[in-house]
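Student: Using my numbering, the first residue of the sequence shown is number 14, and each one after it goes up by one.
Below you will find the structure I want to go over with you.
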Amino acid sequence: MPTCQHCHQKWTWKQTMKTTTTLDTAYTCPHCGEKQYATKKSRIQFSLLILIPLAALFLNFFNIPVWFIFSWLILGSIVIISLFPVVLKLTSTEEFFF
Ligand SMILES: [Zn+2]
């Protein structure tokens with residue numbers, strides 16, 4: 014679970030989902046209100062997680078039944094949502110990709 018680098022409090026799964034449902038790259042800590050950012054490493058790991066459900070779209074080319082692709086997409090999304098707070102690591106300073 015993500016830990017705030019300012020107050021060192023752990024965020025719960027629910028707090029993480031609520032805090033990160035924003036287009037902003039800065040997440041406000043539910044405990045101390047300080048701005049926190051996802052580390053570069055956790056953002057890369059998250060991008061890799063997104064590839065799991067997206068891989069289902071490639072299965073489309075191999076005559077795989079639609080119900081299978083559909084269940085993969087749903088399961089993949091559930092996996093992403095449940096793993097996101099585990100993968101997310103916080104930092105007090107914003108790290109840029111490049
Ligand atoms: Zn905090």
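From the three backbone atoms N, C-alpha and C, an ideal C-beta is built for every residue, glycine too.
1) Once the 5 residues before and after Asp106 are set aside, which same chain residues still bring their CB inside 8 Å of it?
2) Could you compute how far the alpha carbon of Thr104 sits from the alpha carbon of Ile65?
3) Are there 16 or more other CB atoms within 10 angstroms of the CB of Cys20, so buried, or fewer, so exposed?
4) Where Glu108 and Pro78 are concerned, what is the direct C-alpha to C-alpha distance, given to the nearest angstrom?
5) As a quick check of your reading: which residues have a C-beta less than 6 Å from at least one non-hydrogen atom of ligand 1, in chain order?
Tutor: On the basis of the supplied data:
1) Per the sequence presented here, residue 106 reads as Thr, with Asp not at that position. Excluding sequence neighbours, Thr106 sits near Tyr50.
2) A direct Cα-to-Cα measurement between Thr104 and Ile65 gives close to 26 Å.
3) Around the beta carbon of Cys20, a 10 Å sphere encloses fewer than 16 other beta carbons of the protein chains shown; the residue is thus reported as exposed.
4) Taking the straight line joining both Cα atoms gives about 42 Å.
5) Spelled out in chain order, the answer is Cys17, His19, Cys20, Gln22, Cys42, His44, Cys45 and Glu47.
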